[in-house]
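Undergrad: Structure in structure tokens, see below.
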Amino acid sequence: MIGGGIVGLATARALARRGHDVVVLEKEPRWAAHQTGHNSNVVHAGLYYKPGSLKARMSVAGNASIVAYAREHGVPVDVCGKLVVATSPDEVPRLDALAARAEANGVPARRIGVDEAREHEPEVAAVAALRVESTGVIDFPAVCAALVRELNGHDLRLHTPALAIRRALSGGGVEVATTRGVIRADALVNCAGLHSDRVARLAGITPSATIVPFRGEYYELRHDRRHLVRGLIYPVPDPALPFLGVHLTRMLDGSVHAGPNAVLALRREGYRWRDISPTDLADVARFPGTWHLARRFARTGAAEVLRSLSRKRFATSLSRLVPAIREDDLVRAQAGVRAQAMLPDGSLVDDFLIDTAPRQVHVLNAPSPAATSALEIAEHVATKTEQSWT
Ligand SMILES: Cc1cc2nc3c(=O)[nH]c(=O)nc-3n(C[C@H](O)[C@H](O)[C@H](O)COP(=O)(O)OP(=O)(O)OC[C@H]3O[C@@H](n4cnc5c(N)ncnc54)[C@H](O)[C@@H]3O)c2cc1C
-10 MIGGGIVGLA
0 TARALARRGH
10 DVVVLEKEPR
20 WAAHQTGHNS
30 NVVHAGLYYK
40 PGSLKARMSV
50 AGNASIVAYA
60 REHGVPVDVC
70 GKLVVATSPD
80 EVPRLDALAA
90 RAEANGVPAR
100 RIGVDEAREH
110 EPEVAAVAAL
120 RVESTGVIDF
130 PAVCAALVRE
140 LNGHDLRLHT
150 PALAIRRALS
160 GGGVEVATTR
170 GVIRADALVN
180 CAGLHSDRVA
190 RLAGITPSAT
200 IVPFRGEYYE
210 LRHDRRHLVR
220 GLIYPVPDPA
230 LPFLGVHLTR
240 MLDGSVHAGP
250 NAVLALRREG
260 YRWRDISPTD
270 LADVARFPGT
280 WHLARRFART
290 GAAEVLRSLS
300 RKRFATSLSR
310 LVPAIREDDL
320 VRAQAGVRAQ
330 AMLPDGSLVD
340 DFLIDTAPRQ
350 VHVLNAPSPA
360 ATSALEIAEH
370 VATKTEQSWT
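In the numbering used here, the protein residues as written are -10 to 379.
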């Protein structure tokens, strides 16, 4: 297993429970160091995704399984529900479409009026809202810590990047060269997140998509303004855009996070504008999909960059949801970087994407809600892994 994020660790656990000996390689000195440790910590309900897609099926099932796992293993979780709010009449048809999609996906969601919305969130601005009971907040790194405990007895290696991969000369398995020697295995699973396409290429595969990193920046409400938000408040998403829009999330510790936006990151693990990698930038510039995407979303992209550079603009977006939020209420918080798979024509891969080859399985697109869905993705990938060598 290459990658010690939630998808890699959950898949390692699934393989271990099926009786396999597992080696997990993680290049960083700690587990959950990248996407898994830099996200909104929301257990999604599954209302947004195309009915029948892997995302739809695995988020609805994953919502239940990750909450049950957390409760069983002492991981903090709170199924507090959320509001999706239409802030103007022209958003109401899209809110209705979302309610219909929730029903198609089997997600308990209820259209409510303004008065009921204000009972949940007294400060919210809404003309209509959707109440989703099964959404919650969790501590995904703590889920990873529990998975690591369950993998006790297996070979878990931090600080160990996979550098090269080749077919074993005998026995039909794979050999992975690391900074700490060569590992021989029956099969390779790639859950390398922001580097998953590169790891696939190391293994001799031409991945069906390329990873483009999108940073999601967050602010936090000042301590004395936290009372403005009781739970989770989301806008009605624009179906033309791949991300959900900046939202407000009350975390388990009582802090209220606002974000994430979406700007192109200048490094695969570029958490700030000043984190720049010439190699990563050259890869992005060489990839034809980037230019198609830039043309298609030129205006939205420019607005996102401006919002990234201006706390005032960020506050203005949030004040559409909660009018009392002002620029001075916001304090910068830790950003995350999404591994978004893109096709050469510039389309963003919407569903989870998994490529297979003999003795190899590559998870090439596991964006949100993959943390929510991790235990479901894990069973799916474990089955594909067993099939890859039988
Ligand atoms: C801003 C943001 C907000 C999000 N919000 C939510 C949310 O609220 N709810 C939700 O369900 N999902 C959310 N997501 C999505 C979720 O975080 C990801 O889907 C999930 O964490 C993916 O897990 P992963 O294990 O695939 O990737 P990662 O957590 O990125 O793990 C991949 C690991 O592979 C390691 N690695 C890479 N290359 C190598 C190598 N060569 N050798 C060894 N190790 C290597 C990396 O160091 C990394 O630790 C969000 C994501 C972002 C960025």
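Each residue gets a CB set at the ideal place from its N, CA and C atoms; glycine is no exception.
Taking the Cβ atom as the reference point for each residue, do LEU4 and VAL11 lie within a distance shorter than 8 angstroms?
TA: The residue given as residue 4 occupies position 15 in the sequence shown. The residue given as residue 11 occupies position 22 in the sequence shown. Annotated as proximal: LEU4 and VAL11, with beta-carbon spacing under 8 angstroms.
Undergrad: Could you tell me the alpha carbon to alpha carbon distance between PHE303 and ARG296, rounded to whole angstroms?
TA: Locating residue 303 in the sequence shown gives position 314, counting from the first residue. Locating residue 296 in the sequence shown gives position 307, counting from the first residue. One C-alpha to the other measures close to 5 angstroms.
Undergrad: Count the C-beta pairs between the stretch 145 to 163 and the stretch 50 to 59 that are closer than 8 angstroms, then say yes if the count reaches three, no if not.
TA: no
Undergrad: At what residues does the beta strand (DSSP E) containing PHE203 begin and finish?
TA: Taking the first residue of the sequence shown as position 1, residue 203 is located at position 214. Run containing PHE203: 199 to 210, per the beta strand (DSSP E) assignment.
Undergrad: Taking the alpha helix (DSSP H) that GLN376 falls in, what are its first and last residues?
TA: Residue numbering aside, residue 376 sits at position 387 when the sequence shown is read from its first letter. Start and end: 363 to 377.
Undergrad: Should the stretch 284 to 299 be called in touch with the stretch 344 to 361, which here means at least 3 C-beta pairs below 8 angstroms?
TA: no
Undergrad: DSSP beta-bridge partners for GLY248?
TA: Walking along the sequence shown from the start, residue 248 turns up at place 259. DSSP, once it has assigned bridges, lists HIS236 as partnering GLY248.
Undergrad: In the DSSP assignment, the alpha helix (DSSP H) including ASN52 goes from what residue to what residue?
TA: By 1-based counting over the sequence shown, the position of residue 52 is 63. First-last of the alpha helix (DSSP H) with ASN52: 43 to 62.
Undergrad: Mapping DSSP to helix, strand and coil, what is GLU139?
TA: Residue 139 sits at position 150 when you count from the first residue of the sequence shown. When DSSP states are grouped into helix, strand and coil, GLU139 belongs to the helix group.
Undergrad: List the residues that DSSP assigns as beta-bridge partners of GLU164.
TA: Within the sequence shown, the letter at position 175 stands for residue 164. Paired residues: ARG155, ARG173.
Undergrad: Out of LEU310, GLY(-3), TRP378, point me to the one whose CA is closest to HIS236's CA.
TA: The residue given as residue 236 occupies position 247 in the sequence shown. Taking only the C-alpha atoms, the option nearest HIS236 is LEU310.
Undergrad: Starting from the Cα of ILE101, find the closest Cα among ASN94, VAL113, ALA118 and give me that residue.
TA: Your numbering for residue 101 matches position 112 in the sequence shown. Distance check between ILE101 and each of ASN94, VAL113, ALA118 places ALA118 closest, using alpha-carbon atoms only.
Undergrad: Let me make sure I understand the geometry here. Which of ARG190, VAL178, LEU319 has the alpha-carbon closest to that of HIS246?
TA: To locate residue 246, count along the sequence shown from 1; it is residue 257. If you compare the alpha carbons of ARG190, VAL178, LEU319 with that of HIS246, the shortest gap goes to LEU319.
Undergrad: Which same chain residues, not among the five before or five after ARG285, have their C-beta less than 8 angstroms away from its C-beta?
TA: Numbered from 1 along the sequence shown, position 296 holds the residue referred to as residue 285. Correct list, in chain order: GLY335.
Undergrad: Under 7 angstroms: does the beta carbon of GLY193 sit that close to some heavy atom of ligand 1?
TA: On the sequence shown, position 204 is the one that residue 193 refers to. GLY193 Cβ: outside cutoff for every heavy atom of ligand 1.
Undergrad: So PRO78 is in the beta strand (DSSP E); what residue range does that whole segment cover?
TA: Translated into the one-based positions of the sequence shown, residue 78 becomes position 89. Premise fails: PRO78 is in no beta strand (DSSP E) and is neither H nor E.
Undergrad: For ILE265, report the span of its alpha helix (DSSP H) as first-last.
TA: Taking the sequence shown and counting its residues from 1, one reaches residue 265 at position 276. ILE265 -> no alpha helix (DSSP H), and no H or E assigned at all.
Undergrad: Starting from ASP242, trace the alpha helix (DSSP H) both ways and give me its first and last residue.
TA: As a first step, residue 242 is located in the sequence shown; it is residue number 253 there, counting from the start. Unbroken run through ASP242: none, as it is neither H nor E.
Undergrad: Which of the three DSSP states is assigned to LEU270 in this structure?
TA: As a first step, residue 270 must be located in the sequence shown, where it is residue number 281. The answer is helix: DSSP assigns LEU270 an H, G or I state.
Undergrad: Would the stretch 342 to 355 and the stretch 185 to 197 be scored as touching if the rule is three or more Cβ pairs under 8 angstroms?
TA: yes
Undergrad: Among the residues of its own chain, which have a CB less than 7 angstroms from the CB of ARG173, if the five just before and after it don't count?
TA: For the purposes of this step, residue 173 is identified with residue 184 of the sequence shown, where counting begins at 1. The answer, listed in chain order, is ALA157, GLY162, GLU164.
Undergrad: Roughly how many angstroms lie between the CA atoms of LEU298 and ALA176, to the nearest whole one?
TA: Taking the sequence shown and counting its residues from 1, one reaches residue 298 at position 309. Taking the sequence shown and counting its residues from 1, one reaches residue 176 at position 187. Whole-angstrom Cα-Cα distance: 45 angstroms.
Undergrad: Do the stretch 216 to 230 and the stretch 69 to 89 touch if we need at least three Cβ pairs shorter than 8 angstroms?
TA: Yes, they touch.
Undergrad: Compute the beta-carbon to beta-carbon distance between PRO65 and VAL116, rounded to the nearest angstrom, for a pair I have assumed lies under 8 angstroms.
TA: Along the sequence shown, one-based indexing puts residue 65 at 76. Along the sequence shown, one-based indexing puts residue 116 at 127. Not confirmed; about 34 angstroms, so no contact.
Undergrad: Helix, strand or coil for PRO333? Go by DSSP, reduced to three states.
TA: On the sequence shown, position 344 is the one that residue 333 refers to. Note: PRO333 maps to coil in three-state DSSP.
Undergrad: Hey, would you say ARG138 sits closer than 8 angstroms to VAL326, going by beta carbons?
TA: In the sequence shown, counting from the first residue as 1, residue 138 sits at position 149. In the sequence shown, counting from the first residue as 1, residue 326 sits at position 337. Contact flag unset, no.
Undergrad: Does the stretch 87 to 103 come into contact with the stretch 31 to 42, if we say contact requires no fewer than three beta-carbon pairs (one atom in each stretch) closer than 8 angstroms?
TA: yes
Undergrad: Could you give the distance in angstroms between the alpha-carbon of GLY234 and the alpha-carbon of ARG263?
TA: Residue numbering aside, residue 234 sits at position 245 when the sequence shown is read from its first letter. Residue numbering aside, residue 263 sits at position 274 when the sequence shown is read from its first letter. Looking at the two C-alpha atoms, the distance is approximately 24 angstroms.
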